[in-house]
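Participant: Numbers given in this note's numbering equal positions in the sequence shown, counted from 1, plus 27. Note that the Cβ used here is the ideal one computed from N, Cα and C, for glycine as well. All of these numbers come straight from a predicted model, not from anything done at the bench.
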Amino acid sequence: MDEEADDPLEVTAPFDGPVDHEYDPYDYVEPSSVPVSRAPEPWPDHEPEPAVEEFSGPLVRPYAWTGGRTASHYDLRLETLVSLEEHGIGIAMRDTSAEQRSIVELCANPRSVAEVSALLAVPLGVVRVLLSDLISMGVVAVHDNAVAATGADFTLLERVLVGLRNL
28 MDEEADDPLE VTAPFDGPVD HEYDPYDYVE PSSVPVSRAP EPWPDHEPEP
78 AVEEFSGPLV RPYAWTGGRT ASHYDLRLET LVSLEEHGIG IAMRDTSAEQ
128 RSIVELCANP RSVAEVSALL AVPLGVVRVL LSDLISMGVV AVHDNAVAAT
178 GADFTLLERV LVGLRNL
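(1) Comparing alpha-carbon positions, which option in A168, A98, R104 lies nearest V156?
(2) May I have the straight-line CA-CA distance separating T107 from R121, to the nearest angstrom?
(3) Where does S159 fall in DSSP's three states?
(4) Between L151 and E68, what straight-line distance do the alpha-carbon atoms span, to the nearest angstrom?
(5) Since L103 is in the beta strand (DSSP E), which residue starts that stretch and which ends it?
(6) Alpha carbons only, please: which of L133, I118, M164 is nearest the one belonging to A148?
(7) Does DSSP put L188 in a helix, in a strand, or in coil?
(8) Which term fits L194, buried or exposed, when burial requires 16 or more other beta carbons within 10 angstroms of its beta carbon?
(9) Can you give me the Cβ contacts of Y101 inside the same chain, cut-off strictly under 7 Å, excluding the 5 residues immediately before and after it?
(10) Expressed to the nearest angstrom, what Euclidean distance is found between the alpha-carbon atoms of N136 and R65?
(11) Taking A119 and V131 to be in contact with their CB atoms under 8 Å, please state how far apart those CB atoms are, rounded to whole angstroms.
(12) Measure the alpha-carbon distance for S144 versus G115 and round it to whole angstroms.
Following this line, the structure appears as structure tokens:
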């Protein structure tokens, strides 16, 4: 047997790396410059519920709903009230698009054009064009805006002012 094989290996430097790596005294890193890691966050008892966003239908450009039309045949202002005609529901269920049927459902009670636009989250111009089509078909009725012959109704303006002050 060989006597050299029984001798322990001589170590001249602390072992810090791979076996074939030579010890270099300049490889030393100061402990203060080493980033301190925090303990990992504990696992929750149960998985958090993912946030569910309300699906409002397929993403379609607004001009596609109106066939590219941007003008309404009627003067539909923001405050103009629209409501469902007496026999409008029958016409609406067979001759209208899904977007128009949504408007018909909202118009079961009188609503302003602005309300219809806001509740459907559809641009005002698109709602005006779709409402114009429904009015032409006899599905939706337009209520005239109440304007006095002499101009603004001062009692109405006073009531609005009182209501604003009460806010």
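Facilitator: The answer reads as follows:
(1) A98
(2) 26 Å
(3) helix
(4) 48 Å
(5) No beta strand (DSSP E) holds L103; DSSP gives it neither H nor E.
(6) L133
(7) helix
(8) exposed
(9) Cβ within range, chain order: S159, I162, V169.
(10) 60 Å
(11) 4 Å
(12) 20 Å
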